[in-house]
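As structure tokens, the structure follows; a few thoughts come after it.
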Amino acid sequence: MRIDVLGVGFDDLTASEAASAAVCHFSGGAAAPAYAVTPNPEIVWLARKNSALRDAISGAALVLPDGIGIVYGARILGTPLKERVPGIDFAAALLASLAERGGGVYLLGAKPGVAETAGDKLRETYPGLVIAGTRDGYFEDDAAVIAEINAKAPDLLLVCLGAPKQELWIAKNIAGLAVGLAIGLGGALDVWAGTVKRAPERWRRLGLEWLYRLLREPRRIGRMMSLPKFLFAVIWRRIRG
Ligand code: UDP
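Mapping the sequence shown onto the working numbering, position 95 (from 1) lands on 95, and the numbers just tick up by one.
Written as structure tokens, this is what we have:
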């Protein structure tokens, strides 16, 4: 049973439980390709008015709460989630596990050159990890990209096209992808490549990663206005029972 936060169901797992559940989808595990999504309050807010996005999220094998706002939201609604599971940390745990077994990952998304640089850095961080392929996120022809991914048949496909584009792309194409697990991962490739800096550990522990991001990229203010709207909607729902 998923925990409902304004119409989006979240799996109530710790970060390590989520990683164990995901690893089952690598080759030799579950037969059909599966995908995981990590919605933040902005995505939950978007999903209220976007049924294709709601369907894409509910079709995922794993729906994990990326963003402290989701954890607060669930708590305010009286159905707390165990913990926040940031997508980038979830993916890092899977990469470490893949490296141990010599498994492969395909990196899809971000501006030209970023996925390659991220791949080089990840190879250094996780010796044994196979970078099965990389490709930027500015393409028109889905079929050509899917054929390229399928030729590599990676255990893990990281789709970093930004939300909600990546969730919709994965849901539409998952049945035709020869991968174990696909994950929508926003700006993770930019962080691994070093083109975007993630909030320092102390900010993250305080649940202030969103504020750090806003201070570094003030143009995100428009998108981030969905956060207070999300919190008001959660409080309103709680008050109305
Ligand atoms: N992006 C992409 N293709 C597109 C639009 C965006 O590959 O058509 C990439 C963009 O270059 C960036 C990432 O998607 O690397 C979006 O990062 P962001 O931090 O905005 O992710 P979000 O906060 O939306 O999850």
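For every residue, glycine included, the Cβ atom is placed at its ideal position computed from N, Cα and C.
Span of the beta strand (DSSP E), counted from its first residue to its last, around residue i
| i | result |
| --- | --- |
| F10 | V8 to F10 |
| I131 | V130 to R135 |
| G4 | First, the residue type needs correcting, since residue 4 is Asp and not Gly in the sequence shown. Run containing D4: I3 to V5, per the beta strand (DSSP E) assignment. |
| Y138 | Element bounds for Y138: n/a, residue is neither H nor E. |
| L177 | Looking at the DSSP string, L177 is not in any beta strand (DSSP E), and its letter there is neither H nor E. |
| V159 | L156 to C160 |
Cβ distance (whole Å) where residue i is taken to contact residue j below 8 Å
| i | j | result |
| --- | --- | --- |
| W45 | K165 | So it is not a contact: roughly 16 Å between Cβ atoms. |
| D142 | K111 | Rounded, the Cβ-Cβ distance is 19 Å, inconsistent with contact. |
| A287 | P154 | Look at the range of the chain in this structure, 1 to 241, and you will see that residue 287 is not part of it. |
| L157 | V179 | 4 Å |
| M224 | L214 | 6 Å |
| N40 | I70 | 7 Å |
| L185 | A74 | That belief does not hold up - the Cβ atoms of L185 and A74 are roughly 22 Å apart, past 8 Å. |
| I149 | L177 | 6 Å |
| F10 | L181 | Not quite, the Cβ-Cβ distance comes to about 18 Å (not below 8 Å), so this is no contact. |
| I57 | V8 | 6 Å |
Residue i versus the options, residue with shortest Cα-Cα distance
| i | options | result |
| --- | --- | --- |
| Y138 | L108, A132, A153 and K152 | L108 |
| I183 | L62, R205 and E148 | L62 |
| D120 | R48, L227, L208 and L189 | L189 |
| E124 | I3, W192 and Y212 | W192 |
| P65 | T38, G78, D55 and I131 | T38 |
| G78 | V145, L6 and A31 | L6 |
| K152 | Y106, R54, G67 and A233 | Y106 |
| G113 | T195, A92, E100 and G102 | T195 |
| L208 | G102, Y72, S20 and A21 | Y72 |
| R237 | I76, F26 and L227 | I76 |
| S226 | A21, E42, P33 and V23 | E42 |
| G103 | A171, S58, L129 and V23 | L129 |
Environment of residue i [buried if 16+ CB atoms lie within 10 Å]
| i | result |
| --- | --- |
| R202 | exposed |
| W169 | buried |
| T246 | Absent from the structure is residue 246, since the part of the chain shown begins at 1 and ends at 241. |
| D4 | exposed |
| I239 | exposed |
| L211 | exposed |
| R84 | buried |
| L206 | exposed |
| S97 | buried |
| A175 | exposed |
| E100 | exposed |
| A36 | buried |
| G87 | buried |
| D55 | exposed |
| P127 | exposed |
| P33 | buried |
| E167 | buried |
| A163 | buried |
| A31 | exposed |
| I235 | exposed |
| G241 | exposed |
| Y147 | For the sequence presented, residue 147 should be read as Ala rather than Tyr. Per the 10 Å Cβ criterion, exposed. |
| A52 | exposed |
N-terminal and C-terminal residue of the alpha helix (DSSP H) that residue i is part of
| i | result |
| --- | --- |
| G222 | I221 to M224 |
| L181 | L181 -> not in any alpha helix (DSSP H); beta strand (DSSP E) instead, spanning L181 to G184. |
| L108 | Careful: L108 lies outside any alpha helix (DSSP H), inside the beta strand (DSSP E) at G104 to G109. |
| A171 | K165 to N173 |
| Y72 | I68 to I76 |
| A34 | Note, A34: premise wrong, no alpha helix (DSSP H); beta strand (DSSP E) at A34 to V37. |
| P213 | Pro is not the amino acid found at residue 213; the sequence shown has Arg there. Element bounds for R213: E209 to R216. |
| L64 | Premise fails: L64 is in no alpha helix (DSSP H) and is neither H nor E. |
| A118 | V114 to T125 |
| R84 | From DSSP, R84 is part of no alpha helix (DSSP H); its letter is neither H nor E. |
| L206 | Neither: L206 is in no alpha helix (DSSP H) and is coded neither H nor E. |
| L46 | P41 to A47 |
| V23 | A15 to V23 |
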